[in-house]
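Undergrad: Below is a structure I'd like to ask you about.
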Amino acid sequence: MPAIEASQLTRVFDQKTAVDHLDLAVDEGEFFGFLGPNGAGKSTTIKMLVGLLRPTSGQARIAGLDIWQEPLKAKQLIGVLPEGLNLYERLTAREYVRFVGAMYGLPDREAARRTDELLDILDLENDADKMVVDFSQGMRKKTALAAAIMHTPRVLFLDEPFEGVDAISGRAIRNVLQRLRERGTTIFFSSHIMEVVERLCTRIAVITQGRLVAQGTMAELRALAQTGESGTLEDVFLRTVGATDEQILEETQRGLSWLE
Ligand SMILES: Nc1ncnc2c1ncn2[C@@H]1O[C@H](COP(=O)(O)OP(=O)(O)OP(=O)(O)O)[C@@H](O)[C@H]1O
Ligand SMILES: [Mg+2]
24 MPAIEASQLT
34 RVFDQKTAVD
44 HLDLAVDEGE
54 FFGFLGPNGA
64 GKSTTIKMLV
74 GLLRPTSGQA
84 RIAGLDIWQE
94 PLKAKQLIGV
104 LPEGLNLYER
114 LTAREYVRFV
124 GAMYGLPDRE
134 AARRTDELLD
144 ILDLENDADK
154 MVVDFSQGMR
164 KKTALAAAIM
174 HTPRVLFLDE
184 PFEGVDAISG
194 RAIRNVLQRL
204 RERGTTIFFS
214 SHIMEVVERL
224 CTRIAVITQG
234 RLVAQGTMAE
244 LRALAQTGES
254 GTLEDVFLRT
264 VGATDEQILE
274 ETQRGLSWLE
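By the numbering used here, the letter at position 101 of the sequence shown is numbered 124, and the numbering carries on one by one without gaps.
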């Protein structure tokens, strides 16, 4: 049984089909990368998979449990770093992360211990008692990440975890994710940072205009995009979404008449 499964998952906003009959299956223990241009439907897909946004049609399942039919059971299995990061602004980072731990039923002492360790490795220990409202973007992201992994979820969803965090924290996040994975957590994340995706992921899917256009291991994607053995993920990505270097250059040159 797949850890994550989308069947014909679809979301229409007014006239716009943001996610279009998406089929996807991610096995237990995978480190799955989700790529696509801006507006492709990544965040919309993630929100439907985790029960934050109701699909127009189709199903989303976590370890076989439909997230919309059995939300309480399914949500216990997952951790989510969502887009937008709506945190409780009036709590301190320490209070916030501990509160999330309590919500998942961790005993007080255990929640406190995990909070301290997480804030420490994410380099937030000096700001742990400041209110989240006063946090920078990257500090918020790290706080939200700590909260998402507090309960050692079986399946972890991360919407752009590396965007806006510094290089040191980026590395710490990578290490934390690797360790979770070694303990068996399935990880599904979206990112625009090709190098990180290429390095971490066992499998990658590419979405554009709400449709899945490629998925597979790096080797499978290279073959599909016909980039050759030395093709990077960026090469694969540009090809599968139908963009070329020449075309991008041409469009930026032709399109900006006032910069002539
Ligand atoms: N709440 C909403 N109401 C109307 N349209 C929406 C809403 N949320 C997303 N969309 C539209 O759905 C499409 C997909 O958006 P989505 O946020 O899923 O893209 P994304 O792949 O996450 O992009 P990015 O890389 O920029 O984060 C876009 O055209 C967007 O305008
Ligand atoms: Mg997004």
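The C-beta atom is built at its ideal place from N, Cα and C for all residues, glycine as well.
Indicate the three-state DSSP secondary structure (helix, strand or coil) for D146 in the structure shown.
TA: Coil at D146, not helix or strand.
Undergrad: Can we count S30 as close to ligand 2, meaning its CB is less than 7 Å from some heavy atom?
TA: No.
Undergrad: Hey, is A63 close to ligand 1, as in C-beta under 7 Å from one of its heavy atoms?
TA: Yes - ligand 1 has a heavy atom lying nearer than 7 Å to the Cβ of A63.
Undergrad: Is the beta carbon of Q82 sitting closer than 8 Å to the one on L32?
TA: Yes, Cβ-Cβ distance for Q82 and L32 is below 8 Å.
Undergrad: Kindly indicate which three-state DSSP category A41 falls into: helix, strand or coil?
TA: Here A41 sits in strand by DSSP.
Undergrad: According to DSSP, what are the bridge partners of L181?
TA: Paired residues: L104, F212.
Undergrad: What does the Cβ neighbour count give for A170, buried or exposed, with the cut at 16 atoms within 10 Å?
TA: Its Cβ being crowded by 16 or more others within 10 Å, A170 is buried.
Undergrad: Identify which residue in D152, H174, G87, L223 has its Cα closest to the Cα of P184.
TA: When each option's Cα is compared against that of P184, the closest is L223.
Undergrad: Rank I196, M173, A29, D37 by C-alpha distance to the C-alpha of G74 and give the top, closest one.
TA: The candidate whose alpha carbon is nearest that of G74 is A29.
Undergrad: Among residues of its own chain, excluding the 5 on either side of T225, which ones have a beta-carbon nearer than 6 Å to its beta-carbon?
TA: Closer than 6 Å at Cβ, skipping near neighbours: E53, F54.
Undergrad: Sorted by chain position, which residues of the same chain lie with C-beta nearer than 6 Å to E112's C-beta, five sequence neighbours on each side aside?
TA: Taken in chain order, the residues that qualify are V155, V156.
Undergrad: Please name the residue or residues paired with K82 in a DSSP beta bridge.
TA: Note on residue identity: the sequence assigns Gln, not Lys, to residue 82. Bridge partners of Q82: S30.
Undergrad: Should A116 and D150 be called a contact, given that it needs their Cβ atoms to be closer than 8 Å?
TA: Yes, Cβ-Cβ distance for A116 and D150 is below 8 Å.
Undergrad: G56 and I172 look like a contact to me (Cβ under 8 Å); what is the Cβ gap, rounded to whole Å?
TA: Not confirmed; about 18 Å, so no contact.
Undergrad: When the Cα of M71 is compared with those of E51, V35, S280, which residue comes out closest?
TA: Minimum Cα distance to M71 is reached at V35.
Undergrad: Grouping DSSP H, G and I as helix and E and B as strand, with all else coil, what is R113?
TA: Looking at R113 - three-state DSSP - the assignment turns out to be coil, as it is neither helix nor strand.
Undergrad: Within 10 Å of its beta-carbon, does M24 have 16 or more other beta-carbons around it, so buried, or fewer, so exposed?
TA: M24 should be labelled exposed.
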